[in-house]
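Heads up: the protein sequence lines correspond to chains P and G, in order.
Okay, so the first sequence: first residue is 1 according to our numbering, each after it adds one.
Okay, so the second sequence: first residue is 102 according to our numbering, each after it adds one.
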Amino acid sequence: MSDVIAAPRAKVEEKLFQNRYLVDAGRPHIRVRPHTTPSASLLAMTTLCPAGCYTQNESGQVEVAADGCLECGTCRIVTRNTGEVEWNYPRGGFGVLYKFG
Amino acid sequence: MGEFSKPFDAIVVGAGPSGNAAAYVMAKEGLNVLQIERGEYAGSKNVQGAILYADALEKIIPNFREEAPLERHVIEQRMWMMDEKSHSGMHYRSDDFNEEKPNRYTILRAQFDKWFSSKVKEAGALVLYETTVTELVKDLSGKVIGVRTDRQGAPIMANVVVLAEGVNGLVGQRSGLRNEVSPDSVALAVKEMHFLPRETVEARFNLSGNEGVVIEAMGTITRGMTGTGFLYTNEESISVGIGCIVSDFAESNIGPNELLEAFKNHPSIKPLLAGSECKEYAAHLIPEGGYKAIPQLTGAGWIVVGDAGQFVNAVHREGSNLAMTTGRIAAETVVSLTRKREDMTAANLAEYEKRLGQSFVMKDLKKYKGIPDLLHKNKGNFFGTYPKLISQAMQTWFRVDGIDKISKEKAIFRNFRETRTVWGMMGDAFRLVRAWR
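Written as structure tokens, this is what we have:
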């Protein structure tokens with residue numbers, strides 16, 4: 001089991017290559033508001049996001065790269081009380097395009 | 102744009118099962134319906150296990166079996182209690198399920214929703230894809246009179262807006278019609294599509310023709326979090342996934358993908374997937390709060406259906422049938438008000454809730470209203486202690502090793518008593534029975 005636990009991050013990225021996306025270049029639908037220290041909820045997203053979109057940078061802030069987003073909305077709900085995540089649907093037609101769903 | 106200068110009888114936001122059911126029924130009855138979907142096609146944003154329960158769709162499209170893209174009809178249900186290395190199961194398989202009009206099918210939502218959407222258009226509704234509804238438009242009295250989208254400049258007007266926007270429905274929340282979903286009343290589920298030749302699927306699951314098997318699993322696979330795993334057979338693929346309550350995930354520091362990998366590598370699951378090719382990885386939220394989490398469902402000019410209204414029976418893993426049924430009942434309410442030339446006031450639309458109350462939807466959700474809390478508050482026992490105890494009991498019982506059966510029985514009872522105490526077990530049993538009734 002330990003080998004499974006050790007390598008989830010790389011595997012998520014590989015998995016996302018199976019999916020179809022239409023990326024709305026330059027118009028990310030999720031933004032993290034500027035902060036110095038992330039709340040526990042925002043920090044949890046670095047593990048919780050199923051697409052691995054959230055990372056913590058060297059100076060401790062949490063960043064999002066939403067190109068691989070699966071549009072589940074978990075981050076929006078988890079940070080609903082802190083307001084650190086600004087979440088919108090991608091423009092019509094953009095984002096993940098499930099082939100099987 | 103001036104193309105929608107005349108108000109529609111109804112606008113439906115979203116083209117999943119609830120929105121398609123609502124749009125179809127209203128269009129079929131002659132209403133002037135506009136449906137708006139943000140995906141490139143209906144289904145492109147939608148994720149489900151997925152099992153289709155025939156009854157709910159049959160009430161809307163009686164001959165759906167002749168045209169809908171269905172995968173396999175379910176003849177066998179496996180319920181598994183799992184610990185790290187084992188599963189104890191209850192299986193039910195019956196040839197009665199090989200009937201002329203089967204009761205349950207596995208489906209692929211992207212394909213199924215696309216088909217359902219084609220029926221909506223056939224029935225006469227206008228469907229706009231690749232268009233996101235950004236907000237509701239209200240008049241001075243607060244009545245909803247239309248929507249704005251990210252494409253049309255001017256608002257599009259309608260007598261009533263049916264919100265079928267799903268569990269992650271922003272429009273209703275941002276318009277103040279309902280509160281933001283709480284992290285402890287939704288599950289995050291991740292799922293993969295694994296492809297195999299159909300002969301392999303059939304040999305592996307003891308199936309012939311279009312017969313199918315579904316496995317629902319609980320136990321230590323969710324590592325003490327409230328959740329379940331599943332594995333469904335499709336025509337030439339297997340859907341495998343796992344989900345847990347979002348607040349449990351947030352506290353646990355366990356990632357959903359990590360949990361799915363461990364589930365796929367469980368010794369009871371791994372051989373079922375061997376040699377398959379994964380072609381998609383999906384994630385979605387599932388409303389799990391049940392009856393107590395249902396928001397306000399109607400108001401002046403608006404009505405909520407499907408996942409947006411938290412219509413999921415978590416105990417029986419039913420959702421799409423509740424979605425279609427709420428969509429149909431909402432549509433029937435709107436049709437009857439339109440025919441009577443009645444206004445879509447809050448008081449008139451409340452008829453929808455009255456009709457829902459008489460349907461299986463509300464009766465079932467009411468029956469299980471205590472279950473979500475019970476499982477959540479006792480998750481360590483239900484998703485950790487008991488699965489382990491049951492596995493140990495099974496193993497003690499089945500392993501033949503020269504120890505007499507009376508000693509084995511004693512060892513099993515001692516293990517239960519010491520791990521969970523008699524009072525603890527009686528309390529859990531009592532609470533479960535009370536919540537179930």
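Every residue gets a Cβ at the ideal spot worked out from N, C-alpha and C, and that includes glycine.
| Check | Outcome |
| --- | --- |
| So that I know if they touch, is there some Cβ in chain G lying closer than 8 Å to that of E58/P? | no |
| Would you call W524/G buried or exposed, if buried means 16 or more other Cβ atoms sit within 10 Å of its Cβ? | exposed |
| Under 8 Å by Cβ, that's how I've got R139/G and G68/P pegged, so tell me the actual separation to the nearest angstrom. | In fact, because the Cβ distance is near 18 Å, the residues do not count as touching under 8 Å. |
| Here's the rule I'm using: 16 or more other beta-carbon atoms within 10 Å means buried, otherwise exposed. How should Q136/G be labelled? | buried |
| Taking only runs that begin and end inside the region 383-433 of chain G, name each unbroken beta strand (DSSP E) of 3 or more residues, in chain order. | 403-405 |
| List the residues of chain G that L70/P touches, going by C-beta distances under 9 Å, in chain order. | V148, V291, Y382, A383, A384 and H385 |
| List the residues that DSSP assigns as beta-bridge partners of C53/P. | Per DSSP, none; premise fails for C53/P. |
| Determine the direct distance from the alpha carbon of E84/P to that of N57/P, and round the result to whole angstroms. | 16 Å |
| V210/G versus chain P: which residues are under 7 Å apart at the beta carbon? | The identity of residue 210/G in the sequence shown is Arg, whereas the question assumes Val. Near R210/G (Cβ distances below 7 Å), the residues of chain P are G101. |
| Just to confirm, is the Cβ distance from A384/G to V302/G under 8 Å? | no |
| For T321/G, which residues in chain P fall below 8 Å Cβ to Cβ? | Simply none; closest approach about 11 Å. |
| Can you list, in chain order, the residues of its chain with a C-beta nearer than 8 Å to that of L533/G? Leave out the 5 residues immediately preceding and following it. | L475 |
| Could you tell me whether any Cβ in chain P is nearer than 8 Å to the Cβ of L271/G? | yes |
| By the DSSP assignment, the beta strand (DSSP E) with I176/G in it spans what residues? | R173 to M183 |
| I'd like to know whether the C-beta atoms of V347/G and T36/P end up nearer to each other than 8 Å. | no |
| So that I know if they touch, is there some Cβ in chain P lying closer than 8 Å to that of S187/G? | no |
| Measure the alpha-carbon distance for L227/G versus E381/G and round it to whole angstroms. | 31 Å |
| Between V405/G, E317/G, R166/G and K478/G, which lies nearest to S276/G when the distance is taken from Cα to Cα? | V405/G |
| Quick one: residues in its chain with C-beta nearer than 6 Å to the C-beta of E63/P, no 5 flanking neighbours on either side, listed in chain order? | T55 and N57 |
| Leaving out five residues before and five after T426/G in sequence, what residues of the same chain have Cβ atoms less than 7 Å from its Cβ? | A157, S460 and V462 |
| List the endpoints of the continuous beta strand (DSSP E) containing F331/G. | G328 to T334 |
| What is the rounded straight-line gap between the Cα of V78/P and the Cα of G52/P? | 15 Å |
| Residue ranges of each beta strand (DSSP E) run of no fewer than 3 residues wholly in the region 129-171 of chain G, ordered along the chain? | 134-137 and 152-154 |
| My output table needs one value for A304/G: the three-state DSSP class, helix, strand or coil. | helix |
| Judging by CA-CA distance, which residue of C345/G, E352/G and A375/G is the nearest neighbour of L361/G? | C345/G |
| Taking 8 Å as the CB-CB limit, is K15/P close to chain G? | yes |
| Against chain P, does S145/G count as a neighbour if the rule is that its beta carbon must be under 8 Å from one of theirs? | yes |
| When DSSP labels each residue in this structure, what does R500/G get in the three-state scheme? | coil |
| Name, in chain order, the residues that DSSP records as bridge partners for C379/G. | H295/G |
| Taking 8 Å as the threshold (C-beta atoms), are T399/G and A363/G in contact? | no |
| Could you compute how far the alpha carbon of K239/G sits from the alpha carbon of Q253/G? | 17 Å |
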